[in-house]
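2 protein chains.
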Amino acid sequence: MATQGVTPRSEDYSRWYTDVVKLAELAENAPVRGCMIIKPYGYELWEGIKSALDCRFKATGHRNAYFPLFIPMSFIEKEAEHVEGFKPELAIVTHGGGSELEEPLVVRPTSETLFGEAYARWIQSYRDLPMLINQWANVVRWEMRPRLFLRTTEFLWQEGHTAHATREEAVEETLKILDIYADVSENVCAVPVIKGRKSPQEKFAGADDTYTIESMMGNVWALQGATSHFLGQNFAKAFNIQFLDENNELQLVWTTSWGMTTRTVGAIVMTHGDDKGLRLPPALAPIQVVIVPIWKTAEERDSVFAFAGEVKAQLEGADVRVHLDAREGLSPGFRFNDWEMRGVPVRLEIGPRDVAAASVMLSRRDVPGRDGKMPAPIGNLGATVNGLLNEIQAAMLASAKAFRAEHLHEAATYDDLKRIVEDGWALIYHCGTRECEDRIKEETKATSRCFPLDLNKEWEPKGKTCSVCGRPAFGRAYFARAY
Amino acid sequence: MATQGVTPRSEDYSRWYTDVVKLAELAENAPVRGCMIIKPYGYELWEGIKSALDCRFKATGHRNAYFPLFIPMSFIEKEAEHVEGFKPELAIVTHGGGSELEEPLVVRPTSETLFGEAYARWIQSYRDLPMLINQWANVVRWEMRPRLFLRTTEFLWQEGHTAHATREEAVEETLKILDIYADVSENVCAVPVIKGRKSPQEKFAGADDTYTIESMMGNVWALQGATSHFLGQNFAKAFNIQFLDENNELQLVWTTSWGMTTRTVGAIVMTHGDDKGLRLPPALAPIQVVIVPIWKTAEERDSVFAFAGEVKAQLEGADVRVHLDAREGLSPGFRFNDWEMRGVPVRLEIGPRDVAAASVMLSRRDVPGRDGKMPAPIGNLGATVNGLLNEIQAAMLASAKAFRAEHLHEAATYDDLKRIVEDGWALIYHCGTRECEDRIKEETKATSRCFPLDLNKEWEPKGKTCSVCGRPAFGRAYFARAY
Chain A
0 MATQGVTPRS EDYSRWYTDV VKLAELAENA PVRGCMIIKP YGYELWEGIK SALDCRFKAT
60 GHRNAYFPLF IPMSFIEKEA EHVEGFKPEL AIVTHGGGSE LEEPLVVRPT SETLFGEAYA
120 RWIQSYRDLP MLINQWANVV RWEMRPRLFL RTTEFLWQEG HTAHATREEA VEETLKILDI
180 YADVSENVCA VPVIKGRKSP QEKFAGADDT YTIESMMGNV WALQGATSHF LGQNFAKAFN
240 IQFLDENNEL QLVWTTSWGM TTRTVGAIVM THGDDKGLRL PPALAPIQVV IVPIWKTAEE
300 RDSVFAFAGE VKAQLEGADV RVHLDAREGL SPGFRFNDWE MRGVPVRLEI GPRDVAAASV
360 MLSRRDVPGR DGKMPAPIGN LGATVNGLLN EIQAAMLASA KAFRAEHLHE AATYDDLKRI
420 VEDGWALIYH CGTRECEDRI KEETKATSRC FPLDLNKEWE PKGKTCSVCG RPAFGRAYFA
480 RAY
Chain V
0 MATQGVTPRS EDYSRWYTDV VKLAELAENA PVRGCMIIKP YGYELWEGIK SALDCRFKAT
60 GHRNAYFPLF IPMSFIEKEA EHVEGFKPEL AIVTHGGGSE LEEPLVVRPT SETLFGEAYA
120 RWIQSYRDLP MLINQWANVV RWEMRPRLFL RTTEFLWQEG HTAHATREEA VEETLKILDI
180 YADVSENVCA VPVIKGRKSP QEKFAGADDT YTIESMMGNV WALQGATSHF LGQNFAKAFN
240 IQFLDENNEL QLVWTTSWGM TTRTVGAIVM THGDDKGLRL PPALAPIQVV IVPIWKTAEE
300 RDSVFAFAGE VKAQLEGADV RVHLDAREGL SPGFRFNDWE MRGVPVRLEI GPRDVAAASV
360 MLSRRDVPGR DGKMPAPIGN LGATVNGLLN EIQAAMLASA KAFRAEHLHE AATYDDLKRI
420 VEDGWALIYH CGTRECEDRI KEETKATSRC FPLDLNKEWE PKGKTCSVCG RPAFGRAYFA
480 RAY
């Protein structure tokens with residue numbers, strides 16, 4: 000039960016974040032450094048994200064499977080860029096069943112290599128394509144500077160791995176998944192995203208292209224929300240994944256991989272949270288409406304609880320996720336703060352006067368003070384509340400979009416960029432080279448977030464040059480401080 | 000696509016099992032010995048089991064959380080019996096992020112110790128109890144003689160961990176969960192179970208009592224389907240999990256833990272499978288009805304497929320999980336065998352004559368030959384098929400129960416037991432001692448399965464002695480060969 004308040008965001012954003020995650024009981028640090036315990040309330044958010052993604056993956060023809068936790072070190076080494084990218088982050092099992100292992104095992108940081116080995120066996124002919132498989136799993140990437148949800152040594156995710164007969168089809172899959180990620184992020188989590196392409200040095204180790212959804216947190220830093228990789232034929236070559244095409248000729252497949260993680264919970268906290276704590280979008284909130292009964296005398300208590308029970312049943316009948324706060328010995332003010340900390344979208348108060356008036360008082364978590372309060376008669380309350388929940392969902396997305404719009408700026412020069420990234424994201428024509436990105440990062444702490452798809456109708460536009468280094472531009476890119 | 004047949008059960012049961020798991024595409028061995036790749040069809044079975052369990056856990060007040068994969072070795076060592084039981088099976092991470100770790104990490108074999116450490120922090124007062132948490136996770140127990148699903152180094156499971164104010168409440172929880180396991184096993188998986196108590200040497204390392212559901216496989220061997228442990232105050236003491244009771248006195252909690260695993264998929268294969276392959280209970284089958292169109296001419300093909308499309312839509316509207324086999328170039332016989340191998344409960348054939356008669360031919364997977372075939376008019380087909388699926392579900396459970404009944408026998412003497420366990424389970428008065436169980440195992444290969452709850456109205460019944468060694472009996476126990 001939360002009793003303390005959170006550090007104000009303006010005072011220390013990083014402490015504010017940790018306070019909210021802990022006081023709203025989403026997660027805490029585990030005994031092993033870098034790992035976390037996801038507590039029930041935090042896990043319920045992940046269950047909501049999972050189910051939103053899972054039904055979209057299934058509706059687009061993907062099936063779930065489960066590949067092992069352990070990968071032979073030799074597999075990781077088969078794709079040159081892949082091993083280079085992941086080697087510094089690996090956890091290694093050297094002993095099992097009481098003896099030293101002949102070959103050390105890697106605890107999976109991602110599973111392209113295991114899927115690659117299996118696909119080489121499973122795919123024989125064009126009839127076996129496309130192969131569209133996803134798995135829900137834990138992965139481990141050793142993390143030196145862990146933060147709850149945002150960067151943890153172990154995290155939960157889904158990883159999709161697909162194989163296709165043609166390059167075009169694989170690219171199409173990569174972008175289809177990017178759209179699913181954007182849909183879930185915006186319409187379930189109310190976290191607006193910019194869909195874009197990563198620069199060469201920011202892409203996945205082993206990919207030809209990485210697509211990303213990038214979101215702006217409450218401190219204007221960027222967060223990479225999910226990535227979808229076009230792997231070209233890199234893993235097909237490394238694992239010899241071939242198929243006989245319709246002309247009976249042997250071809251390499253084209254593969255993709257894509258993932259969204261428990262980090263998304265952190266994105267929700269930082270997109271919507273305020274100095275009172277968490278704010279949850281109704282589509283995802285484990286509790287959409289909390290009923291807080293208020294009474295003084297025993298007689299009032301009885302009538303208030305009887306009425307609250309009816310209201311609860313009515314809302315459950317209207318498919319609202321509702322919780323009745325039946326705790327004793329806590330003041331209304333304490334309970335209001337407690338549910339605000341936990342981000343419940345709607346508080347429904349019931350006092351003796353409400354019982355008499357056959358009415359309840361609704362308070363929106365997203366609109367502070369009187370503006371967010373409204374009485375509602377109990378006739379047709381289910382429809383009233385569902386309407387309000389939809390309104391809140393839309394308002395939270397709109398509010399996050401408005402905040403973002405205030406902090407997105409075009410930069411014509413490097414000086415513009417330097418100024419903008421102090422409190423926003425800068426859009427510049429950019430070469431995409433490592434040298435230039437490294438310089439910008441060193442001098443401004445801002446990193447290349449992505450080349451947004453909707454602002455780049457063509458790549459390498461003629462006559463355009465990088466606003467920082469003068470090399471030919473690859474396109475327009477956002478730069479920002481990032482998690 | 001399955002083209003070969005399976006080894007007959009009578010010829011080699013173990014090979015039959017492996018053939019079915021592989022040819023029905025449930026799972027295969029992974030590159031790392033002892034691990035498995037659960038293929039989509041096998042994973043869909045696990046998803047069905049998961050969702051059946053998950054909604055029952057939630058309905059009884061449990062919440063899901065997620066605890067880390069890695070456990071410090073020092074945690075495992077805190078409960079003496081626990082470390083003794085698990086040490087030989089541990090996988091150890093010694094290196095992470097490029098360096099050797101100061102303290103080696105255990106890849107969790109089970110998570111009592113992590114939950115214990117957290118509960119000691121989370122539980123302060125009687126108001127925090129009961130604490131009812133479950134997690135869905137992978138665990139690792141090094142396996143020297145792996146078998147797909149039945150014994151694998153890594154497996155998937157749920158593990159529940161609860162803490163209670165009183166012994167009675169913890170015992171009640173242990174038995175409530177046992178009932179949930181029995182319900183899912185019998186009513187979803189159609190695998191009948193015997194609920195019982197494990198003997199001291201068969202119980203979980205660190206438990207006061209272990210309860211189990213035991214099922215009879217097609218070769219009459221026993222399979223332990225799931226276990227529910229009453230942990231007494233063993234972990235409460237090891238991790239100092241205390242609470243202030245209503246009189247403001249400090250007390251140790253009472254804890255339970257319980258788990259069901261991917262092994263259940265193996266139990267389904269071995270309970271229901273036959274020489275044609277898998278047989279799936281309708282409640283769990285990813286595909287409940289497969290439509291197999293049959294045609295010769297292009298004209299017939301058009302009308303058969305148009306009709307099949309209508310039938311499919313009608314069944315989907317009746318919430319039947321239906322698949323249309325639209326593959327070309329494969330004979331009806333091949334396709335029939337293929338779907339039989341995969342255990343689809345109902346085949347729905349549509350040929351030109353069926354189109355003309357506005358009728359379809361239904362064939363039950365669980366009843367071979369003509370007895371299992373019946374024509375059905377397409378009017379109200381949804382209700383017909385749902386009725387048939389319910390009938391099949393009940394028939395599969397009844398048939399497994401009948402098979403079991405034929406192989407359960409009471410043994411008055413050790414000689415009886417020896418004879419019975421050649422092809423059945425023997426029920427004897429048994430002392431429950433390690434010496435006696437070890438002797439029986441060495442001489443007959445049968446192990447103590449459980450003391451069935453419904454056949455033991457009291458423990459240590461007066462005047463009853465062990466039929467094997469003559470010591471006072473703890474109760475009546477089943478002995479059988481077991482996986």
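If you read the protein sequences in the order shown, they are chains A and V.
Take the first sequence: its position 208, counting from 1, is numbered 207 in numbering that gives the first Met the number 0, and each next residue is one higher.
Take the second sequence: its position 2, counting from 1, is numbered 1 in numbering that gives the first Met the number 0, and each next residue is one higher.
Ideal placement from N, C-alpha and C gives every residue a C-beta, glycine not left out.
So the alpha helix (DSSP H) residue i belongs to, where does it begin and stop?
i	result
N28(V)	No alpha helix (DSSP H) contains N28(V), which is instead part of the beta strand (DSSP E) from A26 to N28.
P12(V)	The displayed chain sequence assigns Tyr, not Pro, to residue 12(V). Y12 to L22 is the span of the alpha helix (DSSP H), which, as asked, contains Y12(V).
R300(A)	A297 to G316
F335(V)	P331 to M340
Does the separation of the CB atoms of residue i and residue j fall below 8 Å?
i	j	result
A382(V)	L361(V)	no
A225(V)	E80(V)	no
T151(V)	C34(V)	yes
R278(V)	R364(V)	yes
A90(V)	V92(A)	yes
R14(A)	D274(A)	no
P344(V)	I293(V)	no
I193(A)	W257(A)	no
M341(V)	A26(V)	The question names Met, but residue 341(V) in the sequence shown is Arg. Cβ atoms of R341(V) and A26(V): not closer than 8 Å.
L230(V)	D207(V)	yes
Y65(A)	I349(V)	no
S335(V)	V291(V)	The question names Ser, but residue 335(V) is Phe in the sequence shown. Closer than 8 Å, so yes.
Y118(A)	L174(A)	no
T261(A)	F85(A)	no
T296(V)	A399(V)	no
S73(V)	E101(V)	no
C468(V)	K197(V)	no
V190(V)	S214(V)	yes
P129(A)	A162(A)	yes
V5(A)	G276(A)	yes
V252(A)	A235(A)	yes
Along the beta strand (DSSP E) that carries residue i, what are the first and last residues, could you check?
i	result
D208(V)	D208 to M215
E101(V)	S98 to V106
Q134(A)	M130 to V139
S362(A)	S358 to R363
F478(V)	G474 to A479
L323(A)	V321 to L323
L347(V)	V345 to I349
M35(A)	M35 to I37
* Proximal residues, the segment 147–167 of chain V versus chain A, C-beta separation under 7 Å -> E153 and L155
* Asked: Quick one: complete alpha helix (DSSP H) runs, 4+ long, within the segment 366–446 of chain V?
  -> 380–405, 413–419 and 433–443
* Between the segment 230–241 of chain A and chain V, which residues of the former have CB atoms less than 8 Å from a CB of the latter, in chain order? -> none
* Taking 8 Å as the threshold, find out whether the segment 130–148 of chain A comes into contact with the segment 49–61 of chain A through three or more Cβ pairs. => Touching, yes, given that three or more Cβ pairs across the two stretches are closer than 8 Å.
* May I have a chain-ordered list of the alpha helix (DSSP H) segments no shorter than 4 residues that lie completely inside the segment 47–113 of chain V? => 72–75 and 79–85
* To do: Could you list the residues in the segment 365–377 of chain V with a C-beta less than 9 Å from some C-beta on chain D, going in chain order?
  => No chain D is present in this structure, whose protein chains are A and V.
* In the segment 53–71 of chain A, which residues sit with their C-beta less than 8 Å from some C-beta in chain V, listed in chain order? -> Taken in chain order, the members of the segment 53–71 of chain A whose beta-carbon sits within less than 8 Å of a beta-carbon on chain V are R62, N63, A64, Y65, F66, P67, L68, F69, I70 and P71.
* Asked: Taking only runs of the beta strand (DSSP E) that begin and end inside the segment 225–291 of chain A, which ones reach a length of at least 3 residues, in chain order?
  -> Residue ranges of uninterrupted beta strand (DSSP E) with 3 or more members, entirely inside the segment 225–291 of chain A and ordered along the chain, are 241–243, 249–251 and 253–260.
* Listed in chain order, which residues of the segment 337–350 of chain V have Cβ atoms closer than 7 Å to some Cβ of chain A? -> The segment 337–350 of chain V vs chain A, Cβ under 7 Å: nothing.
* **Members of the segment 27–55 of chain A that neighbour chain V once the beta carbon cut-off is set at 9 Å** => E27, A29, P30, V31, G33, C34, M35, I36, I37, K38, P39, Y40, G41, Y42, E43, W45 and E46
* Asked: Which whole runs of the alpha helix (DSSP H) in the segment 147–206 of chain A are 4 residues long or more, in chain order?
  -> 166–182
* At a cut of 8 Å, does the segment 102–116 of chain V reach the segment 137–144 of chain V through at least three beta carbon pairs? -> yes
* **Interface positions of the segment 82–108 of chain A facing chain V (Cβ-Cβ less than 7 Å), listed along the chain** => P87, E88, A90, I91, V92, T93, H94, G95, G96, G97, L104 and V106
* Do the segment 418–437 of chain V and the segment 463–480 of chain V meet, that is, are 3 or more Cβ pairs less than 8 Å apart? -> yes
* Residues of the segment 305–316 of chain V with a CB closer than 7 Å to any CB of chain A: list them in chain order, please. => none
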